[in-house]
Structure formats: C-alpha cells, structure tokens
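Beneath this line is the structure, given in structure tokens, with notes to follow.
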Amino acid sequence: MGRSRRRPKGKRATQIRSESSTRSGSPIRRTQIFCLALLFIAAVLALVWDHRAGFFLSWTDEQIHLYVAHRMAEGAVLYRDIDSARPPLALFPLAWLLEAGFSPLLAGRALVLVAQLATGALLFWGGWRLVTLRAGAIAALLFLTSPETFARIHYTGIHFPALAASAALLFFMRAEPFFAGLCVGFSVASDQHGLIVCGIVALLTVFSRPRDIFPFATGALAVLAVVFGGTWALGGRHLWKDLIALHLFHLRPGSGMNATLWELLKPWLYEHTYLFVGATLSVVFAAAKGRESSVQAATASRLVRVLLVVVGAHVIIVLAMTDAAFLYLVVVAPLLTLMAGIGFDAAIRWWQSRRGLPPSGARRRSQVITAGAALIGALIIGGWSAARSDRERLDDRPYSFWPYVRHIQLAQLQRLDVARRVATDPVMPTAGTIFGEPMIATAVALATGLRVSGEMADLNWSWIEAGAITREDVVRRIERDNVSAVITPPWFLLQDAYFRSYLAACYMRPKIFSRPDDGPGSGLPDIAVFPHAGGGSPCRAFPP
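Structural data, given as structure tokens:
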C-alpha cells in the first residue's frame with residue numbers, strides 16, 4: 127500500500143517537470159540563472175548611476191510636472207485652482223511624494239526609476255509566461271540596458287502609459303480581460319500617449335473575444351470612474367476644458383513626419399538598430415513556428431503577430447496626426463524590446479537544436495549564428511557612430527560614441543542652472559507672479575517660490591496655433607493675476623507679432639541672461655527677463 131501511494135506522487139512530479147519544460151523551452155541551468163541574475167543587478171546599478179549622474183533640471187517638460195505637483199502639495203485643487211493638460215495619475219503621485227517630504231526632483235526621478243524597473247519586470251513576466259523564461263529575461267535586459275531607457279530619466283509623462291499599455295496587451299494575450307481593462311484605465315488616467323495602443327487592445331478584444339468585452343470594459347471603466355470621478359469630487363470642475371478639449375486638435379488629420387519629429391526619431395533609430403534586427407527575427411521564426419502544432423509555438427507565433435499589428439498600427443496612426451510628437455512613437459518601445467527578446471531567444475533555440483543534426487548541418491548553424499552576431503555588432507557600432515555624428519552635426523560639439531554617456535552629455539549641455547541665476551537676480555520681482563516659456567518659467571518658479579501667472583504653467587504654443595486658446599485670453603489671464611515679469615527665450619512670445627506688441631506696451635527693457643561659453647547649460651538659448659512696467663492695470667496689447 128505504501129509503495130502504491132508513493133508511485134503516483136513520483137509520476138505527478140514528472141508530469142509537472144515536463145509541463146514546465148514545455149512552457150519554458152529547453153531547461154535553464156543554474157549557471158545560466160546565476161549569470162542572468164548578475165546581468166540584471168549590473169543593469170539596475172547602471173540605471174541608478176544614470177539617474178544619479180543626471181540629477182538636475184534640464185530643458186525638458188519635467189519641471190512643468192514638478193511645478194504643478196508642487197502647487198497641488200501646497201493645497202491648490204487640480205483643474206480648478208491650477209490648470210494642467212496632464213492627466214490625474216501623472217500628477218497626484220508626485221504631489222503625494224512632495225507632501226511626504228520629497229524634494230520635487232527626487233520625487234519625479236523616484237517615480238521614473240520605479241516605472242522603468244516595473245516595465246522590465248513586466249517584460250520578464252510576459253515573455254516567460256507567453257514564450258520562454260529566457261525570452262522574458264532577454265526582453266527585460268534589452269529594455270533596462272537600451273539607450274531609450276537611459277535617455278528617458280526625466281519625468282515627462284511617458285513611463286506610466288508605456289508600462290500600462292504594454293501590460294494591457296500582455297493581459298489580453300493571456301486571456302485575462304479584467305486585468306487588461308484595468309491597465310487600459312490606468313494608462314488613460316496617467317497620460318494620453320498610450321491611447322492608441324489601448325484603443326487597439328480594445329478593438330482586438332471586441333473582434334477576437336467578444337465574450338471578454340464585459341470584464342474588459344468593467345476593469346477600464348472602474349479605474350476611470352475612480353480616478354476621474356475622484357478628481358471631479360475633489361473640485362476639479364475644469365477637467366474637460368483643461369485636459370480633453372485642448373488635445374482634440376490632435377485628432378485632425380495631418381502630416382506627422384515633420385522636421386522636428388524626424389530630427390528626434392533619426393538618432394533613436396540609429397541607436398536601436400539591434401532591436402529591429404531582433405524584432406525581424408521574431409517575425410521570421412514566428413512564421414516558421416506557425417506551421418508547428420505545439421501550444422508553445424502557436425502562442426509565440428500569435429504573440430508576435432499581435433505585437434507586429436499593434437506596433438505597426440500605432441506608428442501609422444501617430445504619423446497621421448496633426449501634431450505628432452516623438453513621445454507618441456516611443457511609447458511602444460517596451461513592446462519592441464519584447465519582440466526583439468522573442469526573436470533572439472528563437473535564434474538561440476534554433477542554434478541549440480543543431481545537436482540533433484549531422485556535423486555539417488551543426489557546423490552551418492554555428493557559422494550562421496556567428497555571422498549574425500558579427501552583423502549585429504557591426505550594426506550597433508555603425509548605428510551608434512551615426513547617432514553621434516548626427517548630434518555633432520547639429521551642435522558642432524564632440525560627443526561620446528556610447529549613447530548612455532552621450533545622453534548625459536546632452537543633459538549637461540541643457541542643464542538649467544540659469545534658472546537659479548534668474549531667481550536670485552535683482553531684476554526678479556519679490557511679489558506678484560511670473561509668466562513665460564513653460565520650461566524656464568516653471569524652473570524659476572520652483573526656485574523662487576513665485577507662482578506662474580494665470581496658472582498657465584502648462585501652456586503649449588501649439589494650442590495657440592491650433593486655436594484651442596486665444597492670444598487675447600492669455601494676456602487677460604496673466605494681467606488679472608498680477609504678472610510682474612515675463613521670462614522667455616528668443617522664440618515663444620518673441621516670435622509672435624501680437625505678443626511682441628504686448629511686451630512693447632507693458633514691459634521694460636529686458637535683461638538678457640546669456641548662456642555660458644562652456645560647461646553645464648552651454649547649449650541653452652539666451653534667456654530674456656522682461657520686468658512689468660506697471661501703470662494701468664490690466665495692461666493690454668495693441669494689435670499689430
């Protein structure tokens with residue numbers, strides 16, 4: 127009796143090991159796991175070093191988020207007392223950290239690092255559960271060590287939607303519609319850049335698994351109701367006007383591939399050539415595996431097809447938008463690294479299967495893998511060199527071959543130390559409010575404690591050009607709010623005839639803060655500070 131009871135246990139254990147091996151492909155040895163663990167530790171430490179090396183404000187949107195969250199921590203009600211075009215989940219976590227005692231910059235960077243590590247963990251989990259453990263590990267390592275991740279250390283509202291939209295797609299692939307819906311809701315409530323991916327996931331759910339529509343919609347609507355309903359209940363009565371109406375012009379058809387977008391996208395493509403190689407490999411192997419009958423091969427093949435559709439459709443839609451932004455494109459970077467991880471894992475498995483071949487066939491496979499590795503190395507070297515040359519052509523400055531170092535050099539070049547100089551200069555008012563180009567005005571506001579006039583810290587020039595907000599309304603709002611100085615580079619207000627007339631009529635001669643000849647901030651423009659002339663209030667522009 128004792129032996130008869132023990133035999134099924136042994137048989138069951140064998141079955142479990144067999145299922146695990148089938149799902150994970152060829153078993154991974156302890157030495158391989160140890161090596162992967164060391165690689166992950168090294169990647170995380172390098173990423174922490176990157177955040178530490180770039181721990182300062184640069185000419186980015188980061189300080190806009192930090193300023194708005196700072197005002198919320200002081201008690202201002204979002205979408206009522208302070209305007210912002212950023213969704214609630216991009217601001218409330220920042221405000222909570224500030225209330226807990228974090229400095230604005232530390233709060234923003236902590237959220238970025240957490241989001242990056244969470245995205246790496248998501249790719250590891252998704253690749254492991256849907257393909258193989260090694261595919262997940264490769265995808266996570268590719269993401270954590272990519273130039274994209276090292277360049278994206280500023281809190282600019284991209285990390286949460288990229289994480290949530292990728293999670294939504296992976297939960298869809300695992301047939302867990304409620305969790306996919308939760309992730310869609312989280313993405314929409316944190317930033318608009320993930321809307322396209324979330325919309326595609328919703329369409330895939332509707333047309334491929336209609337029975338999942340209800341749990342999917344329940345999850346998404348639950349998050350949206352809690353976040354936006356809670357924001358409304360806290361007093362955010364201008365939510366539609368501030369957050370949604372300003373972005374509607376993006377829906378107009380247009381020509382998204384403008385010069386500015388291409389200027390940012392081209393070096394990004396150079397730096398990530400190896401990811402496109404891996405993604406191509408995943409498509410090739412998926413086509414081959416699609417003819418196999420195993421569940422693992424079918425799942426991997428379907429995942430690659432879905433990833434290809436989502437990434438391709440996302441890029442096409444973004445380029446058809448009126449005001450396509452670079453962040454809209456790179457929101458799918460985690461999905462691209464997942465495709466690359468699947469492709470490289472498939473190549474490794476194809477090479478390992480040589481053991482069952484004749485010596486000549488095994489030798490050919492080894493030669494192909496060696497040649498492929500050499501080609502990828504050459505593409506990386508060529509791409510990184512091309513990215514460096516492209517940046518040197520734009521700036522007439524020398525840069526590092528390594529994109530990780532080059533991005534820190536670029537951040538130093540645009541370091542906003544000038545904001546502290548402006549904040550402590552006698553030309554700055556001790557009372558009233560300030561206004562100007564958002565990236566510099568918010569940095570000065572954080573340094574001085576002054577408020578941005580009319581709560582327009584988030585003003586985007588494209589909204590004025592699109593007619594979403596009028597020039598007259600901008601002037602009325604900042605004048606009503608006791609504006610004392612305008613801070614602007616040579617563009618923004620100075621290139622518009624209406625605002626030039628306003629500055630000429632209502633402000634004194636500006637003081638120019640020139641960029642340093644070398645070192646931090648030497649890549650910035652000159653900053654002009656216009657003190658308000660006082661007199662009649664409110665002052666107004668004379669139409670040109």
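This note's numbering numbers the first residue of the sequence shown as 127 and each following residue consecutively.
Backbone N, C-alpha and C define an ideal beta-carbon position, used for all residues, glycine too.
This one's a predicted model, so the numbers in the text were calculated from it and none came from an experiment.
Beta bridge counterpart(s) of residue i as assigned by DSSP
{"i": "leucine 204", "result": "Ile208"}
{"i": "valine 578", "result": "Ile560"}
{"i": "arginine 541", "result": "Ser184"}
Sub-7 Å separation of residue i and residue j beta-carbons
{"i": "leucine 249", "j": "leucine 407", "result": "no"}
{"i": "alanine 472", "j": "phenylalanine 561", "result": "no"}
{"i": "leucine 183", "j": "leucine 576", "result": "no"}
{"i": "threonine 568", "j": "glutamine 189", "result": "yes"}
{"i": "glutamate 671", "j": "cysteine 665", "result": "For residue 671 there is no data in the structure shown, the boundaries of the chain being 127 and 670."}
{"i": "proline 651", "j": "proline 615", "result": "yes"}
{"i": "tyrosine 677", "j": "alanine 667", "result": "Because the chain spans 127 through 670 in this model, residue 677 falls outside it and cannot be assessed."}
{"i": "alanine 293", "j": "valine 310", "result": "no"}
{"i": "aspartate 207", "j": "proline 393", "result": "no"}
{"i": "glycine 671", "j": "alanine 261", "result": "In the structure displayed, the chain extends from 127 to 670; residue 671 sits before or after that span and is not available."}
{"i": "isoleucine 653", "j": "isoleucine 566", "result": "yes"}
{"i": "glycine 467", "j": "alanine 405", "result": "no"}
{"i": "leucine 270", "j": "alanine 169", "result": "yes"}
{"i": "threonine 559", "j": "valine 609", "result": "yes"}
{"i": "alanine 583", "j": "tyrosine 281", "result": "no"}
{"i": "glutamate 397", "j": "proline 273", "result": "yes"}
{"i": "isoleucine 534", "j": "alanine 179", "result": "yes"}
{"i": "tryptophan 555", "j": "alanine 611", "result": "Just to set this straight, residue 555 is proline in the shown sequence, not tryptophan. Yes."}
{"i": "threonine 399", "j": "glycine 498", "result": "no"}
{"i": "tryptophan 589", "j": "leucine 372", "result": "yes"}
{"i": "phenylalanine 639", "j": "arginine 547", "result": "yes"}
{"i": "alanine 290", "j": "phenylalanine 312", "result": "yes"}
{"i": "glycine 307", "j": "alanine 346", "result": "yes"}
{"i": "leucine 387", "j": "phenylalanine 452", "result": "yes"}
{"i": "alanine 512", "j": "alanine 549", "result": "no"}
{"i": "isoleucine 326", "j": "valine 444", "result": "no"}
{"i": "proline 230", "j": "histidine 177", "result": "no"}
{"i": "leucine 429", "j": "leucine 256", "result": "yes"}
{"i": "methionine 634", "j": "alanine 594", "result": "no"}
{"i": "tryptophan 477", "j": "arginine 489", "result": "no"}
{"i": "leucine 579", "j": "aspartate 607", "result": "The amino acid at residue 579 is misidentified as leucine; the sequence shows serine. The answer is yes: Cβ separation under 7 Å."}
{"i": "isoleucine 613", "j": "valine 570", "result": "yes"}
{"i": "proline 642", "j": "valine 655", "result": "no"}
Residue range of the beta strand (DSSP E) that includes residue i
{"i": "valine 655", "result": "653-657"}
For residue i, the first and last residue of its enclosing alpha helix (DSSP H)
{"i": "alanine 195", "result": "188-199"}
{"i": "threonine 686", "result": "In the structure as shown, the chain starts at 127 and stops at 670, and residue 686 therefore has no counterpart that could be examined."}
{"i": "serine 316", "result": "303-316"}
{"i": "proline 213", "result": "Unbroken run through proline 213: none, as it is neither H nor E."}
{"i": "histidine 373", "result": "It is not in any alpha helix (DSSP H) - histidine 373 carries neither H nor E in the DSSP assignment."}
{"i": "serine 479", "result": "Unbroken run through serine 479: none, as it is neither H nor E."}
{"i": "serine 588", "result": "587-591"}
{"i": "proline 524", "result": "Counting along the chain, proline 524 falls outside any alpha helix (DSSP H), and DSSP gives it neither H nor E."}
{"i": "histidine 177", "result": "156-179"}
{"i": "tryptophan 358", "result": "339-359"}
{"i": "valine 456", "result": "452-456"}
Distance cut-off 6 Å: residue i Cβ against heavy atoms of the ligand FAD
{"i": "glycine 508", "result": "Judged by which ligands are present, the structure shown has none, so any question about the ligand FAD falls away."}
Residue-chain proximity (residue i, chain C), Cβ-Cβ < 7 Å
{"i": "alanine 659", "result": "Absent here is chain C; the protein component of the structure consists of one chain."}
Evaluate the contact criterion for the region 355-368 versus the region 423-432: three or more CB pairs, one atom per stretch, below 8 Å. The answer is no - the region 423-432 does not touch the region 355-368, with fewer than three Cβ pairs under 8 Å.
Meets three-Cβ-pair contact criterion under 8 Å: the region 271-286 and the region 236-251: yes
At least three beta-carbon pairs within less than 8 Å, the region 209-225 to the region 259-267: no
Pairs of beta-carbons, one from the region 306-322 and one from the region 203-223, closer than 8 Å: are there three or more? yes
Check whether the region 291-309 touches the region 336-348, counting contact only when three or more Cβ pairs, one atom from each stretch, lie closer than 8 Å. yes
Contained beta strand (DSSP E) runs [length at least 3] in the region 599-665, N- to C-terminal order: 609-614, 637-639 and 653-657
So does the region 496-512 actually touch the region 290-301, counting three or more Cβ pairs closer than 8 Å? no
Segments of 4+ residues assigned as alpha helix (DSSP H) that fall wholly inside the region 215-294: 218-225, 230-256, 259-270 and 273-277
Validate contact between the region 543-550 and the region 635-648 using beta carbons, cut 8 Å, 3 pairs: yes
Count the C-beta pairs between the region 191-207 and the region 346-363 that are closer than 8 Å, then say yes if the count reaches three, no if not. yes
Is it the case that the region 455-462 contacts the region 426-444, given that we only count it when at least three CB pairs across the two stretches are under 8 Å? Flag = yes, the region 426-444 and the region 455-462 touch.
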